[in-house]
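Top line first, the protein sequences correspond to chains A and B. Start counting the first sequence at 1169; every next residue gets the next number (the working numbering). Start counting the second sequence at 60; every next residue gets the next number (the working numbering). Below is one structure, written out as structure tokens; comments come after it.
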Amino acid sequence: MADTLWVGTRKGAFALRASAGRRSWKLAGPQFLGHIVHHIVQDPREPKVLLMAAKTGHLGPTVYRSIDRGKSWREAAQPPAFRKTSDAEQARAVQRVFWLTPGHASEPGTWYAGSSPAGLFRSADGGMRWEPVAGFNDHPMRPKWAAFGTPDGEFLHSVLVDPRDSKHLYLGISIGGIFESTDGGADWAPLNDGVAADFLPDPTVAYGHDPHCVAIHPLKPDRLYHQNHCGLYRLDRPERRWIRVGKSMPKKIGDVGFPIVLHPTDPDTAWVFPMDGQTVWPRTSIDGKPAVYRTQDAGRTWRRLDRGLPRAQAWFTVLRQAMCTDRDARTGLYFGTTGGEIWASTNAGERWNCIARHLPEVYSVTHAT
Amino acid sequence: MSNPSCTVRIASPLRSYTSGASSVCGEGATLYELLANLERRFPGMRFRMVDEQDRIRPHMRLFVNTSEAKELSAPLSAGDTVHVICALSGG
């Protein structure tokens, strides 16, 4: 099948389909015009299946499922929702389904969803019926773990499944931190040692951090990276202390951003898109000069990759789900911007081309085949 | 005794559930019952209007005739018209 980029935007879903050799891309859509589409994810276990997390400005959040590679979609019969309770303090409602993750290869049909406010949900039937993961949502510590949300609510994202063990899970909460479960989600514990939380009165806390995006390497699952509100980190398990690899970024660039993307086969290679986190946090490309940075030595050094990108006066940023790779041997790399552009590189970021523009604000870019 | 029968005016964002109909009939002695009745015929519509704690979503407004109902316990009478209205600002 042709390489496809699924693009979730503030106003609908789009697809970019590649010609042979990825020399050109054809834009299709929108589908679900007017919907706020946070994530569109292909099922690697059943590639014809895609899930989409969506809502509209008026209507509550839901999930759509396609079984024909995105030609048609069917709404979940039971979208992610918290347990109903008469306890007013515990009575939470999903405002948005923010993140989708296919379950372990040994569990076909299993999916995880993360929401805002922070909630974890699981489907065992391919995304049609969702149940709250009580081990997290009702964990006695959860109100403390996710106590410092912004007015938009805290976001649960980066649900990661260890490819060696279906019961070994990670997740991130902005703001809340990174958490780990070794029993399939029945219990969770913070995993934030070494991570800065400069915005908190006590920066040495065990939780309350702001991971923006966490990634596990598929072939070396003991290696994790994460882009935090306060820096870039790597963790090699069984260690529990994150190492701030962003310290080796150029000082004038810093190590703040949203996405981090890992090379599909090389655990030492990762890409980030730095943004301006100074003073009032503009969260734009730095000095209006967008650039991707790449490490090929597990974060010891970083190299700027901006050939083909605007040289000045380009003030977008790239959100946490809006950057991805493909599985080509030369590694295609893609990102979507808050200004509605999609940029592509067919050589691991060495040179960039704009393959779509004038789209709504891009929330996610994911690769499918 | 059968439940009161009402006319329900459907806002455009919800008409994908009603096959495009802008007005449908429903039954219920309260808004809660009416929405349950509609959900049986138009699966999925209720959750887009009302959250899992039975709170009317922030950008939805439900009127019984000309009075806004803030709670699903609002009573209905035969012949009432329920207006489902969407309220959203910004671009």
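Backbone N, C-alpha and C fix where the C-beta goes; we use that ideal spot for every residue, glycine too.
Cβ distance (whole Å) where residue i is taken to contact residue j below 8 Å
i         : j         : result
Val1209/A : Leu1218/A : 7 Å
Arg1391/A : Asp1404/A : 6 Å
Ala1196/A : Arg1185/A : 7 Å
Asp139/B  : Ala1261/A : That belief does not hold up - the Cβ atoms of Asp139/B and Ala1261/A are roughly 27 Å apart, past 8 Å.
Gly1295/A : Arg1233/A : 5 Å
Ile1384/A : Asp1434/A : Not a contact, Cβ separation roughly 14 Å.
Ala1183/A : Thr1172/A : 6 Å
Gln1246/A : Arg1310/A : No, Gln1246/A and Arg1310/A are not in contact; Cβ-Cβ is about 22 Å, not under 8 Å.
Cβ-based burial, residue i [other Cβ within 10 Å; buried from 16]
i         : result
Gly150/B  : exposed
Arg1367/A : One detail in the question is off: residue 1367/A reads as Phe in this sequence, not Arg. With fewer than 16 other Cβ atoms within 10 Å, it is exposed.
Val1448/A : exposed
His1526/A : exposed
Ala1446/A : The sequence given here has Gln at residue 1446/A, not Ala. Exposed, because fewer than 16 other Cβ atoms sit within 10 Å of the Cβ of Gln1446/A.
Asn96/B   : buried
Cys65/B   : buried
Asp1333/A : exposed
Cys84/B   : exposed
Gly1282/A : buried
Thr1469/A : exposed
Ser78/B   : exposed
Leu1387/A : exposed
Ala1244/A : buried
Asp1211/A : buried
Asp1444/A : buried
Met1169/A : exposed
Gly1517/A : buried
Pro1358/A : buried
Gly1340/A : buried
Arg1191/A : exposed
Ser132/B  : exposed
Arg1479/A : exposed
Sub-8 Å separation of residue i and residue j beta-carbons
i         : j         : result
Met108/B  : Met119/B  : yes
Leu1324/A : Trp1267/A : yes
Arg100/B  : Ser81/B   : no
Ala1538/A : Pro1458/A : Limits of chain A in this structure are 1169 at one end and 1537 at the other, which puts residue 1538/A out of reach.
Phe1540/A : Thr1452/A : The structure shown does not extend to residue 1540/A, since chain A is modelled only from 1169 through 1537, so no value can be given for it.
Gln1464/A : Asp1494/A : no
Pro1450/A : Phe1441/A : no
Arg1475/A : Arg1408/A : no
His1394/A : Pro1379/A : yes
Glu1322/A : Ile1346/A : no
Val143/B  : Leu135/B  : no
Leu1288/A : Gly1353/A : yes
Residue range of the alpha helix (DSSP H) that includes residue i
i         : result
Glu1407/A : Segment: none, Glu1407/A is in no alpha helix (DSSP H) and carries neither H nor E.
Leu94/B   : 90-100
Lys1312/A : 1310-1313
Met104/B  : 104-108
Gly1303/A : 1302-1305
Alpha-carbon to alpha-carbon, residue j and residue i
i         : j         : result
Pro1319/A : Pro1285/A : 10 Å
Trp1174/A : Pro1229/A : 19 Å
Val1486/A : Trp1511/A : 11 Å
Asn1360/A : Gly1414/A : 16 Å
His1272/A : Ser1291/A : 12 Å
Ser1187/A : Asp1496/A : 14 Å
Val1460/A : Val1429/A : 11 Å
Cys1522/A : Thr1499/A : 17 Å
Ala137/B  : Glu127/B  : 17 Å
Arg1237/A : Glu1299/A : 25 Å
Val1265/A : Val1231/A : 8 Å
Leu1337/A : Phe1250/A : 20 Å
Val1424/A : Ser1326/A : 17 Å
Asp1351/A : Lys1335/A : 5 Å
Gln112/B  : Thr1514/A : 48 Å
Lys1223/A : Ser148/B  : 16 Å
Gln1263/A : Tyr76/B   : 20 Å
Ala1536/A : Arg1472/A : 27 Å
Tyr91/B   : Asn62/B   : 12 Å
Ala1466/A : His1431/A : 11 Å
Ala1221/A : Ala88/B   : 34 Å
Ala1524/A : Cys1492/A : 16 Å
Arg1462/A : Thr1372/A : 29 Å
Cys1381/A : Gly1189/A : 30 Å
Gly1303/A : Leu1477/A : 45 Å
Heavy atom of the ligand ADP within 7 Å of residue i beta-carbon
i       : result
Glu92/B : No copy of the ligand ADP appears in this structure; indeed no ligand is present at all.
Host beta strand (DSSP E) of residue i (start-end)
i         : result
Cys1522/A : 1521-1524
Ile1235/A : Here Ile1235/A belongs to no beta strand (DSSP E), and DSSP marks it neither H nor E.
Cys84/B   : 82-86
Ser1283/A : 1279-1284
Phe1323/A : 1323-1329
Tyr1393/A : 1391-1396
Lys1194/A : 1193-1199
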